[in-house]
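First the structure, in the form of structure tokens, and then the observations on it.
Structure (structure tokens):
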């Protein structure tokens, strides 16, 4: 359409193009491709997000070690630099791939798409995707995961969910880690739960400590509940 | 600084549509950016200036529609304006709300030559 008078010709050589395209469209398409792949292989993919140092990698190490005889796992590690986290996961005997984002502050669906073919993921397994430690940017980028887990620790402020509401509102599960340190820090568990529920009333909260092991059972039961459920769904549709 | 990724996404879309229209130049670009879309406008401006250098968008007029936030209470059906995703319903104080407007992030139109 012509911009000058609205006629059908290209008056003045200027042309209006109605685009109406979501800026994250490409990422969302790629995320759906990943999701389709995970669904087809009955892989339960989790996107783990948090600020740096909340204990995502430690949570994974402990989970992979404790459940290695019961469930099959694979891990994608996202960090700006180094393969340190991948080395830690590798030491547990789990299949792992490291993505270094360089200057990037988040993982995106395209990075996951290009990483999964080389991993040869097993059917009926769990894939943990540990995102870059950052509570802002990863919130916007769907990776194709089934559930998003936000990990926080009791050494952080109890107003964190209100400071970073986008991350908390986009997550399904909130793991509150390091509860063995509760006697030593000023952290109001009721306040943090109330704040988290303000941003997302449907958020499930699991309190645990990777050091003492307290609460880990709840987390494990939650994980286990996810995989067999998918399997029974599959047998229904077949 | 995910704003740079956003700018690169806009650039990709704009270039694709301009190419399809066999345009030589993009004169104007219109964007919808909702206030709840997690885009920080200062960071966005900074990323924009760097990201569009020597591209078809270099020098284009950028029109940004900042769409205000609106929500609907799932408990009492009240429609209200929100500034933050954790704002409660003003009638019944519930947090069980559906955001109906303000998360937009899209390229609306281009004017090309």
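Protein chains in written order, with the numbering used here: chain C, 228 to 465; chain G, 21 to 133. All C-beta atoms, glycine included, are put in the ideal place defined by N, C-alpha and C. Given the structure is predicted, the values throughout are model-derived calculations rather than measurements.
Endpoints, beta strand (DSSP E) assigned at residue i
| i | result |
| --- | --- |
| residue 87 (chain G) | 81–87 |
| residue 375 (chain C) | 374–380 |
| residue 343 (chain C) | Per DSSP, residue 343 (chain C) belongs to no beta strand (DSSP E); it is in the alpha helix (DSSP H), 336–346. |
| residue 54 (chain G) | 46–54 |
| residue 248 (chain C) | 242–249 |
| residue 431 (chain C) | 431–434 |
| residue 357 (chain C) | 353–357 |
Residue i at chain C interface by Cβ criterion, 8 Å
| i | result |
| --- | --- |
| residue 39 (chain G) | no |
| residue 64 (chain G) | no |
| residue 131 (chain G) | yes |
| residue 102 (chain G) | no |
| residue 121 (chain G) | no |
| residue 29 (chain G) | yes |
| residue 92 (chain G) | no |
| residue 87 (chain G) | no |
Residue-chain proximity (residue i, chain G), Cβ-Cβ < 8 Å
| i | result |
| --- | --- |
| residue 367 (chain C) | yes |
| residue 341 (chain C) | no |
| residue 234 (chain C) | no |
| residue 307 (chain C) | no |
| residue 445 (chain C) | no |
Where residue i meets chain G, residues with beta-carbon distance less than 8 Å
| i | result |
| --- | --- |
| residue 333 (chain C) | 22 and 25 |
| residue 417 (chain C) | None at all; the shortest Cβ gap to chain G is about 16 Å. |
Where the alpha helix (DSSP H) containing residue i begins and where it ends
| i | result |
| --- | --- |
| residue 260 (chain C) | 252–267 |
| residue 393 (chain C) | 392–397 |
| residue 27 (chain G) | 23–40 |
Under 7 Å by beta carbon: chain C residues contacting residue i
| i | result |
| --- | --- |
| residue 105 (chain G) | 392, 393, 396 and 426 |
| residue 127 (chain G) | 246, 248 and 250 |
| residue 58 (chain G) | 366, 367 and 393 |
Listed by chain order, chain C residues near residue i by CB distance under 9 Å
| i | result |
| --- | --- |
| residue 76 (chain G) | What residue 76 (chain G) touches in chain C: nothing, since even the nearest Cβ is about 12 Å away. |
Are there three or more Cβ pairs, one per stretch, closer than 8 Å when the region 431–447 of chain C is compared with the region 30–49 of chain G?
-> Contact between the region 431–447 of chain C and the region 30–49 of chain G is absent: fewer than three C-beta pairs spanning the two stretches fall below 8 Å.
Check distances from the C-beta atoms of the region 244–258 of chain C to those of chain G and list, in chain order, the residues that come in under 8 Å.
-> From the region 244–258 of chain C, only 244, 245, 246, 247, 248, 249, 250, 251, 252, 253 and 254 have a Cβ closer than 8 Å to chain G.
Taking any Cβ of chain G, which residues in the region 382–408 of chain C have a Cβ under 7 Å from it, in chain order?
-> With the criterion set as a beta carbon lying under 7 Å from some beta carbon of chain G, the members of the region 382–408 of chain C are 389, 392, 393 and 396, in sequence order.
Is the region 98–107 of chain G in contact with the region 389–403 of chain C, if contact means three or more CB pairs nearer than 8 Å?
-> Flag = yes, the region 98–107 of chain G and the region 389–403 of chain C touch.
Is it true that the region 273–288 of chain C meets the region 314–333 of chain C, where meeting means three or more beta-carbon pairs spaced less than 8 Å apart?
-> Yes, the region 273–288 of chain C is in contact with the region 314–333 of chain C.
The region 373–386 of chain C / the region 344–353 of chain C touching (three or more Cβ pairs under 8 Å) | They do not touch, by the three-pair rule.
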